[in-house]
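Student: Here it is, the structure in full.
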Amino acid sequence: MLRVMTWNIRTGGRDRTGPDRRDRLVRVVGDQWPDVLALQELRGFDAADVAERFGDAVGMRVHLARSWFGQPVAVLVRPPWRVLSAAPVRRPFHHAAQRVTLATAEAGPFTVVSAHLDPYCGRRRLLEAGWLAAALRRAPGESALLAGDLNTLEPGVDHTARIARLPAAYQRRHLRRDGTVETRAVARLHRAGLVDLFTHAGSGKPETAPTRYDGGAEFSGMRLDYLFGTPELAALARDCRVVRGGATEYASDHYPVVVDLDLTPA
Numbered sequence: 001m002l003r004v005m006t007w008n009i010r011t012g013g014r015d016r017t018g019p020d021r022r023d024r025l026v027r028v029v030g031d032q033w034p035d036v037l038a039l040q041e042l043r044g045f046d047a048a049d050v051a052e053r054f055g056d057a058v059g060m061r062v063h064l065a066r067s068w069f070g071q072p073v074a075v076l077v078r079p080p081w082r083v084l085s086a087a088p089v090r091r092p093f094h095h096a097a098q099r100v101t102l103a104t105a106e107a108g109p110f111t112v113v114s115a116h117l118d119p120y121c122g123r124r125r126l127l128e129a130g131w132l133a134a135a136l137r138r139a140p141g142e143s144a145l146l147a148g149d150l151n152t153l154e155p156g157v158d159h160t161a162r163i164a165r166l167p168a169a170y171q172r173r174h175l176r177r178d179g180t181v182e183t184r185a186v187a188r189l190h191r192a193g194l195v196d197l198f199t200h201a202g203s204g205k206p207e208t209a210p211t212r213y214d215g216g217a218e219f220s221g222m223r224l225d226y227l228f229g230t231p232e233l234a235a236l237a238r239d240c241r242v243v244r245g246g247a248t249e250y251a252s253d254h255y256p257v258v259v260d261l262d263l264t265p266a
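Sequential numbering from 1 applies to the sequence shown in the UniProt record's numbering.
So this is what it looks like as structure tokens:
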């Protein structure tokens with residue numbers, strides 16, 4: 001069984017003011033013990049020693065995509081999983097996207113992309129979602145997974161109340177010019193044939209931000225973090241869930257999302 005977790009850890013686990021949260025991040029990762037970990041908002045991880053120390057602390061190898069405009073993202077892999085290739089997705093994302101391909105016994109090459117979409121502009125998120133869909137189409141084999149903070153509300157859900165709870169400055173992030181809710185980035189992934197693994201195999205509440213004690217005014221009980229898989233991968237998905245409680249309430253302003261997949265190392 002392969003466990004994948006995605007998590008926006010907020011500014012690399014260190015705030016300009018307040019406590020250093022990296023020990024809490026390590027505790028959560030240790031509790032969940034993912035084989036593959038997609039991380040977003042890795043401020044400070046551009047320094048190789050910072051990324052290396054965090055990787056050593058959680059027992060995983062870090063594959064980092066740096067960012068021109070925002071914060072790095074990464075895919076971390078735990079032995080004995082064998083990495084066939086690893087490289088950033090070469091597009092001008094506001095943040096970044098990192099692609100890693102692993103060897104599996106059942107499905108051949110399995111590709112994971114960690115991404116963090118533009119937080120401010122729905123039109124930019126729509127463009128970035130198209131780049132991600134194209135990156136997964138070009139992935140070797142048919143088993144691929146997109147993991148990350150997509151900063152986009154899901155389509156087909158009434159978001160009126162949660163948007164009304166936001167300050168006006170943050171409402172604009174989730175509304176189109178005509179006042180309708182901005183869900184186009186996630187809808188584009190659906191149209192590309194990708195499967196929302198929480199909808200497919202999920203249990204519990206889907207909202208990922210804010211956490212109980214470490215949230216901000218930009219969130220109001222929102223699902224922003226997703227795991228999307230190709231149909232071939234979705235058939236292997238088991239028990240997708242949002243991880244709550246314990247150190248997750250203090251470690252970040254987002255909850256992690258985890259899925260178990262019927263895959264073993266090659």
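Think of the CB as a built atom: it goes at the ideal place given N, C-alpha and C, for glycine as much as any other residue.
I think Arg-125 touches Ala-185, with their Cβ atoms under 8 Å apart; what is that distance to the nearest whole Å?
Tutor: Right, their Cβ atoms sit about 4 Å apart.
Student: I'd like the list of long-range same chain contacts for Met-57, defined as Cβ closer than 6 Å, with 5 residues on each side in sequence excluded.
Tutor: The residue asked about is misnamed: residue 57 is Ala in this sequence, not Met. Answer for Ala-57: Val-26, listed in chain order.
Student: Would you tell me roughly how many angstroms separate the C-alpha atoms of Ser-203 and Cys-240, rounded to the nearest one?
Tutor: Distance between the alpha carbons of Ser-203 and Cys-240 is about 6 Å.
Student: If I measure Cβ to Cβ from Thr-11 and keep anything under 7 Å in the same chain, skipping five residues before and after, which residues do I get?
Tutor: Excluding sequence neighbours, Thr-11 sits near Glu-41, Arg-43.
Student: Extract the residue ranges of the alpha helix (DSSP H) inside the segment 78–156, only unbroken runs of 4 or more that lie entirely within it.
Tutor: Qualifying alpha helix (DSSP H) stretches, in chain order: 122–137.
Student: Arg-238 and Ala-266 look like a contact to me (Cβ under 8 Å); what is the Cβ gap, rounded to whole Å?
Tutor: Contact doesn't hold; Cβ gap of about 20 Å is too wide.
Student: List the endpoints of the continuous alpha helix (DSSP H) containing Thr-248.
Tutor: Per DSSP, Thr-248 belongs to the alpha helix (DSSP H) from 248–251.
Student: Taking only heavy atoms of the ligand ZN into account, decide whether any of them is closer than 6 Å to the Cβ of Gly-55.
Tutor: Among the components of this structure there are no ligands whatsoever, and the ligand ZN is therefore not found.
Student: Measure how close the beta-carbons of Arg-90 and Ala-251 come, nearest whole angstrom, since I'm counting them as under 8 Å.
Tutor: With a Cβ gap of about 31 Å, Arg-90 and Ala-251 do not count as contacting.
Student: Rounded to whole angstroms, what is the Cα-Cα separation between Cys-121 and Pro-210?
Tutor: Distance between the alpha carbons of Cys-121 and Pro-210: 20 Å.
Student: If we call anything under 7 Å between Cβ atoms a contact, is Val-259 one with Leu-166?
Tutor: The answer is no: Cβ separation not under 7 Å.
Student: When DSSP labels each residue in this structure, what does Pro-256 get in the three-state scheme?
Tutor: Correct three-state label for Pro-256: coil.
Student: Helix, strand or coil: which one does DSSP assign to Gln-40?
Tutor: Residue state, collapsed to three classes: strand.
Student: Comparing alpha-carbon positions, which option in Glu-218, His-63, Asp-158 lies nearest Val-113?
Tutor: When only C-alpha atoms are compared, the closest one is His-63.
Student: Going by beta carbon distance, what residues of the same chain come within less than 8 Å of Ala-51, once the five residues before and after it are set aside?
Tutor: The answer, listed in chain order, is Leu-42, Phe-45, Val-62, Leu-64, Ala-74.
Student: DSSP on Pro-231, reduced to helix/strand/coil?
Tutor: It is helical.
Student: Excluding the 5 residues flanking Leu-2 on each side, which residues of the same chain have their C-beta closer than 6 Å to its C-beta?
Tutor: Excluding sequence neighbours, Leu-2 sits near Asp-35, Leu-261, Leu-263.
Student: Arg-244 bridges to which residues according to DSSP?
Tutor: In the DSSP output, where bridge partners are listed per residue, Arg-244 has none listed.
Student: Within a Cβ cutoff of 6 Å, which residues of the same chain sit near Ser-85, ignoring the five residues on either side of it in sequence?
Tutor: Thr-101.
Student: Compare the C-alpha of His-95 against each of Asn-151, Gly-156, Ser-220, Thr-111 and name the closest.
Tutor: Closest by alpha carbon: Asn-151.
Student: Skipping 5 residues on each side, what residues in its chain have a beta carbon closer than 6 Å to that of Gly-141?
Tutor: Result list for Gly-141: Gly-108, Pro-109, in chain order.
Student: Who are the near neighbours of Ala-187 in its chain, counting only those whose CB is closer than 6 Å to its CB and skipping five residues on each side?
Tutor: Once the five neighbours on either side are set aside, the close Cβ partners of Ala-187 are Pro-155.
Student: Can you grab the Cα-Cα spacing for the pair Ala-133 / Leu-189, in whole Å?
Tutor: Approximately 6 Å, taken between the alpha carbons.
Student: In three-state terms, what does DSSP make of Gly-202?
Tutor: If DSSP states are grouped into helix, strand and coil, Gly-202 belongs with the strands.
Student: Do you know whose CA, among Phe-93, Ala-192, Trp-81, lies nearest residue 273's CA?
Tutor: Any answer about residue 273 is impossible in this case: the structure gives the chain only from 1 up to 266.
Student: Skipping 5 residues on each side, what residues in its chain have a beta carbon closer than 6 Å to that of Asp-214?
Tutor: Tyr-250, Asp-253, listed in sequence order.
Student: Secondary structure at Tyr-213, three-state DSSP: helix, strand or coil?
Tutor: Tyr-213: coil per DSSP, three-state reduction.
Student: So, is Trp-81 buried or exposed, given that buried needs 16 or more other C-beta atoms within 10 angstroms?
Tutor: Classification for Trp-81: buried.
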